[in-house]
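Undergrad: Numbering (the working numbering), first residue to last: 65 to 613. We put the CB at the ideal spot given by N, CA and C, even for glycine.
(1) Distance, Cα to Cα, residue 206 vs residue 96?
(2) Should the stretch 537–553 be called in touch with the stretch 343–363, which here means at least 3 C-beta pairs below 8 Å?
(3) Using a Cβ distance threshold of 8 Å, determine whether the stretch 161–179 contacts the stretch 498–514, with at least three qualifying pairs required.
(4) Pull up the distance between the alpha-carbon of residue 103 and that of residue 111, whole angstroms please.
(5) Distance check for residue 177 and residue 101, CA to CA, integer angstroms please.
(6) Candidates 254, 400, 515, 315: which alpha carbon is nearest residue 75's?
(7) Output needed for residue 162: all residues of its chain with C-beta closer than 7 Å, excluding positions within five of it in sequence on either side, in chain order.
(8) Give the list of continuous alpha helix (DSSP H) stretches no shorter than 4 residues that lie fully inside the stretch 252–326.
(9) Measuring only the C-alpha atoms, how far is residue 124 from residue 180?
(10) Would you kindly check if the distance between the Cβ of residue 443 and the Cβ of residue 400 is under 8 Å?
(11) Would residue 518 be called buried (16 or more neighbouring beta carbons within 10 Å of its own) or exposed?
(12) So residue 88 and residue 215 are in contact, right, with Cβ under 8 Å, and what is the actual spacing, rounded?
(13) Does the stretch 196–206 come close enough to the stretch 141–151 that 3 or more CB-CB pairs lie under 8 Å?
(14) Could you pull out every residue in the same chain whose Cβ sits closer than 6 Å to the Cβ of residue 382, ignoring the five residues on either side in sequence?
(15) Just to confirm my understanding: we take residue 579, look at its own chain, exclude 5 residues before and 5 after, and list those with CB closer than 7 Å. What are they?
(16) Taking the beta carbon of residue 345 as the centre, do at least 16 other beta carbons fall within 10 Å, making it buried, or is it exposed?
(17) Tell me the rounded alpha-carbon separation between residue 228 and residue 221.
(18) Alpha helix (DSSP H) containing residue 625: first to last residue?
(19) Can you give, in chain order, each stretch of the beta strand (DSSP E) that sits fully within the stretch 159–183 and has at least 3 residues?
(20) Indicate whether residue 341 and residue 248 have their beta-carbon atoms separated by less than 8 Å.
(21) Per DSSP, what kind of secondary structure is residue 29 in: helix, strand or coil?
(22) Could you check which residue in 278, 438, 338 has the C-alpha nearest to that of residue 129?
(23) Using beta-carbon positions only, say whether residue 446 and residue 239 come within less than 8 Å of one another.
(24) How many angstroms separate the CA atom of residue 525 from the CA atom of residue 512?
(25) Where does residue 356 sit, in a helix, a strand or coil, going by DSSP?
(26) Apply the 10 Å Cβ neighbour rule to residue 429 and answer buried if 16 or more other Cβ atoms are within range, or exposed otherwise.
(27) Which word fits residue 194, buried or exposed, when buried means at least 16 other C-beta atoms lie within 10 angstroms of its C-beta?
(28) Quick one: what's got a C-beta closer than 6 Å to residue 531's C-beta in the same chain, skipping five residues either side?
(29) Give a yes or no on whether the C-beta atoms belonging to residue 438 and residue 72 are separated by under 8 Å.
(30) Thinking just about the alpha-carbon of each residue, which of 505, 334, 402 is nearest to the one in residue 448?
(31) From residue 594 to residue 409, what distance separates their C-alpha atoms?
(32) Please classify residue 424: does DSSP put it in a helix, a strand, or coil?
(33) Exposed or buried, what is residue 489 when buried is set at 16 or more other beta-carbons lying within 10 Å of its beta-carbon?
(34) Mapping DSSP to helix, strand and coil, what is residue 231?
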């Protein structure tokens, strides 16, 4: 009996290791392309439009299919979906690494996004079904979230090392042996779990969710560059909002919806999702503008810039490790509020950065911000999963992961737009710089530095200095904007989680019979009780099918 229990315990943690390794690789793949862009641009010579699609199509495919794939995993089995996705991700990585035309690279990146959409919700839902004890589940999600956050720092480091020795495709080729390891070990270790009564997969709901989420992500990304008045952006926004409105209306009428939209009437659930968006908004947005600060303002190489991000990994691990203990002692509301407060404090420390700052001054900002992000995401991801029975873990994971993707897209788009606007308005081009060169310099700091190198000595130095000043002004405004938003969400999320119903109340409400003609009522939102702020699992009205492979 003891031996069997020990083996079971080992298998649980081996399952977590596989889920973490999968998520690490996905996080790395989200960031590693940025370093490879100059090389692949020189070799493949894509147009500016093609380059945008190379960068964005992965996120479009990934974000648009998360909801669908989360539900598919609930139906066919999360282990099966993860193994299929692992094989597909490895194959698409090989195709991407050896793409010889821009068109093929766009197509292969799209396939990577489709494969990634099968993996992201699978990892979290497998954790939900493997770790049934609430305290263990929270610790497992803490480890998972810290590894996920670490990928954003490790990705540029791996990319920098590979690009120093190999061609641009090597940053994708590295995925293949890792995915092969995940597939082989996962085949024997991962337990299978799925919804024993999944119901029919509604095709129209699938189409509406894909169209709505993809169009919204497209709007977020392009609005920052072209503005909301651009016809393509306006059309995408209309399609996205309209499709999601129809999707939500249809879910309320279905017996087995893709997403139980009534959960969004629970303030605690909404606060968890909103806090996830804010945490990723800060992480992705500041990472985006911060990379430009290190490489262009300070003049560091991509590899050196990547190494500077590594202390953020320690911060993420610290935040994720502390989250379960703090949630048990203080409750969800205070822990999430603390996490977002740390994000705010870390962002404010970036306001002291200048062109002459020494690196040790950056360490505190990196560690505090990343620890706050990991602490927030650990508790909010666990809260979302606790809101539904484990038979619906895939669909709940998809909500959390979609918020994750939306937050990242919003962070880069909004904060990148703020930075660009302040930079353009604040750049004082020195007298003597030709008009066409001044226009290029006004577009970006990188463009200004390129122009400065082509101008005569004193004039070039003057332009470079003016560009750095304008960029730093924009950087400070951007960070202050992000910190202000984080502070507002800190207060809102803390109050909403403190006064919201416990997450399992919504799940219990959802488990009641209903049909297409029976309207759903919102879960009750009683006054605060001590039980609201504890992480406890949802009641499981049905029995999860958990079998060995």
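TA: With the structure as the only source:
(1) Residue mapping note: residue 206 aligns to position 142 of the chain shown, counting from 1. Residue mapping note: residue 96 aligns to position 32 of the chain shown, counting from 1. Straight-line Cα distance between these residues: approximately 24 Å.
(2) Verdict: yes, contact present.
(3) Contact annotation: the stretch 161–179 does not touch the stretch 498–514, with fewer than three C-beta pairs closer than 8 Å.
(4) In the chain shown, residue 103 corresponds to position 39, counting from 1. In the chain shown, residue 111 corresponds to position 47, counting from 1. The straight-line gap from Cα to Cα measures roughly 14 Å.
(5) Mapped onto the chain shown, residue 101 falls at position 37. Mapped onto the chain shown, residue 177 falls at position 113. Computed Cα separation, rounded: 18 Å.
(6) Against the chain shown, residue 75 aligns to sequence position 11. Of the listed residues, the one whose Cα sits closest to residue 75 is 254.
(7) Against the chain shown, residue 162 aligns to sequence position 98. Counting only residues of its own chain and dropping the five nearest sequence neighbours on each side, residue 162 has a CB closer than 7 Å to the CB of 233.
(8) Counting only runs of 4 or more, we get 267–290, 295–315.
(9) Here residue 124 refers to the residue found at position 60 when the chain shown is read from its first residue. Here residue 180 refers to the residue found at position 116 when the chain shown is read from its first residue. Near 11 Å, if we compare the C-alpha coordinates of residue 180 and residue 124.
(10) What you label residue 400 is simply residue 336 of the chain shown in a count that begins at 1. What you label residue 443 is simply residue 379 of the chain shown in a count that begins at 1. Yes, the pair counts as a contact, with Cβ atoms nearer than the cut-off.
(11) By one-based count along the chain shown, residue 518 stands at place 454. By the neighbour-count rule (16 or more Cβ atoms within 10 Å), residue 518 is not buried but exposed.
(12) Taking the first residue of the chain shown as position 1, residue 88 is located at position 24. Taking the first residue of the chain shown as position 1, residue 215 is located at position 151. About 5 Å separates the Cβ atoms of residue 88 and residue 215, confirming a contact at the 8 Å cut-off.
(13) No contact exists between the stretch 141–151 and the stretch 196–206.
(14) Reading the chain shown from its first residue, position 318 is the one you call residue 382. Only 435 meet the Cβ criterion.
(15) Within the chain shown, numbered from 1, the residue matching residue 579 stands at position 515. The predicted model places residue 579 with a pLDDT of 40, which falls under 50 and marks its position as unreliable, so this point remains unresolved.
(16) The residue given as residue 345 occupies position 281 in the chain shown. Buried: at least 16 other Cβ atoms inside 10 Å.
(17) Start at 1 with the first residue of the chain shown, and residue 228 comes out as number 164. Start at 1 with the first residue of the chain shown, and residue 221 comes out as number 157. In this structure, the straight-line span from the alpha carbon of residue 228 to that of residue 221 is close to 11 Å.
(18) Nothing can be reported for residue 625: it is not among the residues displayed for the chain, which extend from 65 to 613.
(19) For the stretch 159–183, not a single whole beta strand (DSSP E) run of length 3 or above is found.
(20) Taking the chain shown and counting its residues from 1, one reaches residue 341 at position 277. Taking the chain shown and counting its residues from 1, one reaches residue 248 at position 184. Not closer than 8 Å, so no.
(21) No statement about residue 29 is possible, as the shown extent of the chain runs from 65 to 613 and does not include it.
(22) By 1-based counting over the chain shown, the position of residue 129 is 65. Nearest to residue 129 by alpha-carbon distance, out of 278, 438, 338, is 278.
(23) In the chain shown, the residue the question calls residue 446 occupies position 382. In the chain shown, the residue the question calls residue 239 occupies position 175. In this structure, residue 239 does not lie closer than 8 Å to residue 446 by Cβ.
(24) For the purposes of this step, residue 525 is identified with residue 461 of the chain shown, where counting begins at 1. For the purposes of this step, residue 512 is identified with residue 448 of the chain shown, where counting begins at 1. Cα atoms of residue 525 and residue 512: separation of roughly 11 Å, rounded to the nearest angstrom.
(25) Along the chain shown, read from residue 1 onward, the residue named residue 356 stands at position 292. In the structure shown, residue 356 sits in a helix (DSSP, three-state: H, G or I).
(26) Taking the chain shown and counting its residues from 1, the one referred to as residue 429 is at position 365. With 16 or more Cβ atoms within 10 Å of its Cβ, residue 429 is classed as buried.
(27) For the purposes of this step, residue 194 is identified with residue 130 of the chain shown, where counting begins at 1. Under this definition residue 194 is a buried residue.
(28) Residue numbering aside, residue 531 sits at position 467 when the chain shown is read from its first letter. Contacts found: 509, 512.
(29) Counting from one through the chain shown, the residue named residue 438 turns up at place 374. Counting from one through the chain shown, the residue named residue 72 turns up at place 8. No, Cβ-Cβ distance for residue 438 and residue 72 is not below 8 Å.
(30) Taking the chain shown and counting its residues from 1, the one referred to as residue 448 is at position 384. For residue 448, the closest alpha carbon among the candidates 505, 334, 402 is that of 334.
(31) As a first step, residue 594 is located in the chain shown; it is residue number 530 there, counting from the start. As a first step, residue 409 is located in the chain shown; it is residue number 345 there, counting from the start. Low local confidence applies: a pLDDT of 38 at residue 594 is under 50, so the model's placement there is unreliable, and no value is given.
(32) In the chain shown, the residue the question calls residue 424 occupies position 360. DSSP places residue 424 in helix when its eight states are reduced to three.
(33) As a position in the chain shown, residue 489 is number 425, starting the count at 1. Here residue 489 is exposed, its C-beta having fewer than 16 other C-beta atoms within 10 Å.
(34) For the purposes of this step, residue 231 is identified with residue 167 of the chain shown, where counting begins at 1. It is coil, neither helix nor strand.
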